[in-house]
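Using UniProt numbering, you'd call the opening residue of the sequence shown number 1 and step up by one each time.
Ideal Cβ positions, reconstructed from N, Cα and C, are used throughout, including at glycine.
Computed from a predicted structure; not experimentally measured.
Working notes for the structure below.
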Amino acid sequence: MALFKKVTYKKLNCYVSIFLIGSVTLMLSGCSFKSAISKKDSSDYDQTYDLSDSQTEESSDPGYVTYDNNYEKSKKSGYNYLCISDRYGMSNNISLNEFRNQDDCIEKLYSFHELISKKLDYLEFYEQSAQKIGYYEGALNFVLEENEEYLNQVVTSENGKKEYVTTLNTIEIGKTLNEQLKDVILEGRCFNDDDFNYQNNNAIPVILGADYKESYKIGDTLSLYYIADTFNFKVVGFFPADYTLKHNIAIYSLNNFICIPFFDIEAISSCGLDKDFLFSYYLEKNNCYVAYDAKNSDDKKAKEEVINDIIKRTNICYGIDEAIYSQFEFSD
1 MALFKKVTYK KLNCYVSIFL IGSVTLMLSG CSFKSAISKK DSSDYDQTYD
51 LSDSQTEESS DPGYVTYDNN YEKSKKSGYN YLCISDRYGM SNNISLNEFR
101 NQDDCIEKLY SFHELISKKL DYLEFYEQSA QKIGYYEGAL NFVLEENEEY
151 LNQVVTSENG KKEYVTTLNT IEIGKTLNEQ LKDVILEGRC FNDDDFNYQN
201 NNAIPVILGA DYKESYKIGD TLSLYYIADT FNFKVVGFFP ADYTLKHNIA
251 IYSLNNFICI PFFDIEAISS CGLDKDFLFS YYLEKNNCYV AYDAKNSDDK
301 KAKEEVINDI IKRTNICYGI DEAIYSQFEF SD
């Protein structure tokens with residue numbers, strides 16, 4: 001969430017996140033940078049996009065994502081997802097900054113994740129861009145939305161130092177989606193169980209899109225700013241050429257993506273990560289998806305009751321949205 005503002009799509013009834021760099025102070029997510037070149041007022045981004053049924057199957061949007069409005073596919077799959085998302089700053093709820101200032105905010109977020117993961121089968125996916133700090137000389141197609149606006153932005157850190165920052169196409173996936181990759185990654189490997197457990201001072205494994213093969217090989221490392229700190233990432237595999245991920249109506253072309261495992265942190269008090277990172281990380285990690293049998297109303301109701309009970313027990317502002325069209329599918 002560093003360097004980004006979120007907008008949402010009304011049509012999906014769940015929060016599909018797109019992030020836009022803006023001239024905002026970034027203490028909320030713990031990022032130590034402020035935008036120095038984008039002068040757009042934040043209200044420019046406070047809008048909801050309506051992806052109406054009259055939209056063509058693939059939009060003319062540039063870059064890495066196209067859209068497919070064929071909602072019938074979700075009916076045929078036999079299941080659907082409940083989307084869990086935070087509600088801070090909505091209705092009469094406290095703001096995200098107010099929540100972050102609570103002494104036990106990290107413990108609440110962590111407890112929510114622990115309970116959800118123990119009581120329900122859930123799926124994790126998030127589009128959280130990582131940034132290259134320093135002048136970027138790589139190809140534009142690796143940059144977020146292939147947009148020059150996110151290329152070598154000049155930002156000023158809290159100590160007054162100016163830096164170049166380039167935002168890259170990045171996604172995070174959990175264990176459920178990773179299962180789909182076991183027979184797919186032919187060069188290198190998909191993530192293993194150890195990759196989903198954070199180990200302090202170890203490089204975080206990543207799978208890269210096929211276009212990265214011209215610049216990196218298995219075992220190479222990248223240094224990137226991720227959420228609220230700089231980490232080293234180790235290349236463990238490559239997606240096949242022209243591989244895609246379908247999520248809701250979005251179709252991600254993964255040729256130019258970095259894929260990070262949505263790892264767990266066993267002991268937040270001794271993991272070596274600061275509050276800024278932990279707060280932002282678990283806030284987005286808890287924005288997850290719970291599958292239910294689309295033909296069984298009792299199954300849906302039962303899972304909603306479990307989720308609402310966990311929300312009440314942990315005393316955090318989360319809610320449930322139903323995605324009227326849901327699928328998480330890797331394909332070539």
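Short Cβ contact (8 Å threshold) for residue i with residue j
{"i": "glutamate 172", "j": "isoleucine 133", "result": "no"}
{"i": "arginine 100", "j": "cysteine 317", "result": "no"}
{"i": "leucine 82", "j": "isoleucine 320", "result": "yes"}
{"i": "asparagine 197", "j": "glutamate 266", "result": "yes"}
{"i": "isoleucine 106", "j": "lysine 275", "result": "yes"}
{"i": "asparagine 141", "j": "aspartate 195", "result": "no"}
{"i": "glycine 188", "j": "phenylalanine 263", "result": "no"}
{"i": "cysteine 271", "j": "asparagine 201", "result": "no"}
{"i": "lysine 138", "j": "aspartate 293", "result": "The sequence as given places glycine at residue 138; lysine does not occur at that position. No. Outside cutoff."}
{"i": "phenylalanine 125", "j": "phenylalanine 328", "result": "yes"}
Close Cβ partners of residue i (< 8 Å) along its chain, the five nearest in sequence each way excluded
{"i": "leucine 115", "result": "Ile310, Arg313 and Thr314"}
{"i": "tyrosine 216", "result": "Leu208, Leu222 and Val235"}
{"i": "leucine 168", "result": "Ser129, Ala130, Gln131, Lys132, Phe142, Val143, Leu144, Leu224 and Ile258"}
Close beta carbons around residue i, own chain, < 7 Å, minus the five adjacent residues each side
{"i": "tyrosine 226", "result": "Ala130"}
{"i": "histidine 113", "result": "Tyr282, Lys285 and Asn286"}
{"i": "proline 240", "result": "Val184, Leu186, Ala210 and Asp332"}
{"i": "tyrosine 135", "result": "Asn152 and Tyr164"}
{"i": "leucine 120", "result": "Val290, Lys303 and Val306"}
{"i": "tyrosine 110", "result": "Ile268 and Tyr282"}
{"i": "lysine 213", "result": "Phe238"}
{"i": "tyrosine 150", "result": "Ile21, Val143, Leu144, Thr166 and Thr167"}
Spatial distance of residue i from residue j (CA atoms)
{"i": "tyrosine 243", "j": "tyrosine 289", "result": "23 Å"}
{"i": "glutamate 146", "j": "asparagine 296", "result": "42 Å"}
{"i": "valine 24", "j": "lysine 118", "result": "With a pLDDT of 26 at valine 24, under the threshold of 50, the modelled position of that residue is not reliable, and no figure is offered here."}
{"i": "cysteine 259", "j": "threonine 170", "result": "6 Å"}
{"i": "threonine 176", "j": "glycine 160", "result": "42 Å"}
{"i": "asparagine 80", "j": "threonine 156", "result": "44 Å"}
{"i": "lysine 182", "j": "isoleucine 94", "result": "42 Å"}
{"i": "lysine 246", "j": "glutamate 127", "result": "13 Å"}
{"i": "aspartate 298", "j": "glycine 174", "result": "27 Å"}
{"i": "valine 154", "j": "threonine 166", "result": "9 Å"}
{"i": "leucine 273", "j": "aspartate 104", "result": "16 Å"}
{"i": "aspartate 220", "j": "valine 206", "result": "10 Å"}
As assigned by DSSP and simplified to three states, the class of residue i
{"i": "tyrosine 136", "result": "coil"}
{"i": "cysteine 105", "result": "helix"}
{"i": "serine 297", "result": "helix"}
{"i": "alanine 250", "result": "strand"}
{"i": "glutamate 127", "result": "coil"}
{"i": "phenylalanine 112", "result": "helix"}
{"i": "phenylalanine 262", "result": "coil"}
{"i": "aspartate 193", "result": "helix"}
{"i": "residue 333", "result": "Nothing about residue 333 can be reported from this structure: the residues present for the chain run from 1 to 332 only."}
{"i": "lysine 162", "result": "strand"}
{"i": "serine 280", "result": "helix"}
{"i": "leucine 273", "result": "coil"}
{"i": "tyrosine 289", "result": "strand"}
{"i": "tyrosine 212", "result": "helix"}
Cβ neighbours of residue i in the same chain (closer than 6 Å, five flanking residues each side left out)
{"i": "isoleucine 204", "result": "Phe231 and Phe233"}
{"i": "proline 261", "result": "Phe191, Asp195 and Phe196"}
{"i": "aspartate 229", "result": "Phe277"}
{"i": "phenylalanine 330", "result": "Gln180 and Leu245"}
{"i": "asparagine 255", "result": "Gly209, Ala210 and Asp211"}
**Request:** Could you say if the stretch 294–305 and the stretch 245–253 meet the contact criterion of at least three C-beta pairs nearer than 8 Å?
**Result:** no
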